[in-house]
Structures are given as C-alpha cells and as structure tokens.
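The block underneath contains the structure these notes are about, expressed in structure tokens.
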Amino acid sequence: MSRLKKVPKANTQGFYDRIADVHNVALKLNGYRASVAKYLRSLKLDLKEDSLVLDAGSGTGIVTFGLQDAGYSLKKAIAYDLSHKCLKVARSEFKKDKRTDASKICPVQGNVLVLPFASSTFDLVITCGVLEYVPLDDGLKELARVLKPGGRLVFIPVKPSLVGSVLEFLYKFRIHPIENVKRISQQYFNIVGYHKFPLKEPIAWSKNIYLLERKDHADALADTPT
Ligand SMILES: C[S@@+](CC[C@H](N)C(=O)[O-])C[C@H]1O[C@@H](n2cnc3c(N)ncnc32)[C@H](O)[C@@H]1O
C-alpha cells in the first residue's frame, strides 16, 4: 500500500478544527494534565538539556503541558497535530501559561503516519488518544521509526469501556482491541510498564498507559515497504 493511501480523510482535520475551542475547555476541566504530569514524574525519565520529545497528536497541548509540569529539563518538545486550529489554540495556551516555557515547545502541523522527522530523532514520544484514528500498525511503526533505539513511547490509547464507547461516538474514532494493542506494540517495542490511573481521576475512565521501549531492530522494520 502506498503512503498516500494511508493518510486519513480530511474530515478528521476539519472535525478537530471545528471543535478545538470546546475540546480545550473540556480538557481544562477534566484534570488530564495533572494525571499525565503525575505519571510522567513517577517514571523518573532520563531526559536532559539536549533531549527531544514528541507529543504525537498533541491536540490543544494537554499532554505537552503534563510533560512541562512533570519538571523535566529538555531541549524541545514538538506538539504535532493534524489540526491547524488545535495547534493555534495550543500555541496561545503555551504562551499564556506561567508554568510553561513556550520557547521550548514547537507546534508542527502534519499527519502522524508521515512524520517529517529523521529516524531516531526523539528520546521520548507520547501519544494520547490519537492512534484510534489510524491503522495501529502504521501508527506504531512510524512512532518507532522516529524514536532513538531504547527510547520510550508513552502510549495512552482509549480503552474499551463505557466512557470509551461514548468518546468513540462523539469523537468519531475506533478503539483498538487490547489484544491488538499488545500484539502490535510488541512488534516494535518491549512493553516495560503498564499503568492504571486511580479511578478518582477522570482519565482512568477511558485510558490506561502502556510504557514501551523501542526495540533495536525497529528501524529495519519501519523501512520495510508495506
Ligand atoms: C482525542 S484528541 C487527543 C488530543 C491530545 N493528545 C489529548 O490527549 O488531549 C485526538 C487528536 O488527534 C489528532 N489526530 C487525529 N488523527 C491524526 C493524524 N493522523 N495525525 C496527527 N494528528 C491526528 C486530532 O487532530 C486531535 O487533536
């Protein structure tokens, strides 16, 4: 299959362009930022002044904010998303937020299936609620490609659940079955952690976290034509 055929329909982009403002307000209220920050802090990641991080499908930036709040020093975080409007909202939120150094965050528009970054660029990739819009194998393969060998992917898929099904309907995506999440992840990554959020945190109602470490041969797999 050619790469062009994998690009999702323009309606996902149009949909998020339309709902960006409302989506942003909802995310401010639901506490995802604090939940993600607490989890990332608990990982004690080996990020340094020269580290590069990708938030793949950043939306209006809630996960990028979580990373900032977790207190890691890094060179740059790329907030990458299909929706121009989400990135516009994100850029304005990054500038307004007193706890955030906006100069270290770079919003970039594009498709997660064709990332405009060289192989082995990032020390850490985080993706939350995004790969539900694309074939999981294609998405994970592309994220593995841009991670450095041994780099980590904080993968936060939507889990099969009542709230997940409501979100699936509202946000027009498809939840990947857990068996597929585990099986396909293991083609490119070692699963090194699994995190369930406490039920009192709203993010727990629709999401768990898989902490993945890129396998050495993931580059070769990513270069294999499909
Ligand atoms: C449910 S939102 C999640 C946003 C953010 N990660 C969060 O947790 O708040 C899904 C996001 O994925 C983006 N998205 C969907 N398909 C994409 C694709 N193929 N490439 C890049 N971004 C995509 C949408 O534009 C939207 O911002």
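Each step along the sequence shown adds one to the number in the numbering used here, with nothing skipped, and position 99 is 100. For each residue, glycine too, the CB sits at the ideal point set by N, CA and C. As the structure is a prediction and not an experimental result, all values here were calculated from the model.
- A distance criterion of 6 Å places the beta-carbon of I63 in contact range of ligand 1, judged by its closest non-hydrogen atom.
- Residue environment analysis places V159 among the buried positions, since at least 16 neighbouring C-beta atoms fall within 10 angstroms of its C-beta.
- Classified as buried, N25 has 16 or more neighbouring CB atoms from the shown chains inside 10 Å of its CB.
- Around the beta-carbon of N112, 16 or more other beta-carbon atoms lie within 10 Å, marking it buried.
- By the neighbour-count criterion, in which a residue is buried when 16 or more other Cβ atoms sit within 10 angstroms of its Cβ, F170 is exposed.
- Assignment of alpha helix (DSSP H) within the stretch 140-195, counting only whole runs of 4 or more residues, yields 163-172 and 179-189 in chain order.
- Judged by pairs of C-beta atoms under 8 Å, the stretch 94-106 does not touch the stretch 124-136, as fewer than three such pairs exist.
- In this structure, the C-beta of C87 approaches ligand 1 to less than 6 Å from one of its heavy atoms.
- In the pairwise beta carbon analysis, the stretch 27-43 is classified as not touching the stretch 78-89: fewer than three pairs are separated by under 8 Å.
- In the displayed model, L212 falls within a strand according to three-state DSSP.
- In chain order, K160 and P161 place their CB closer than 8 Å to the CB of I179, counting only its own chain and leaving out the 5 sequence neighbours on each side.
- At least 7 Å separates the beta-carbon of I79 from that of L28.
- According to DSSP, residue pairing for A27 in a beta bridge does not occur.
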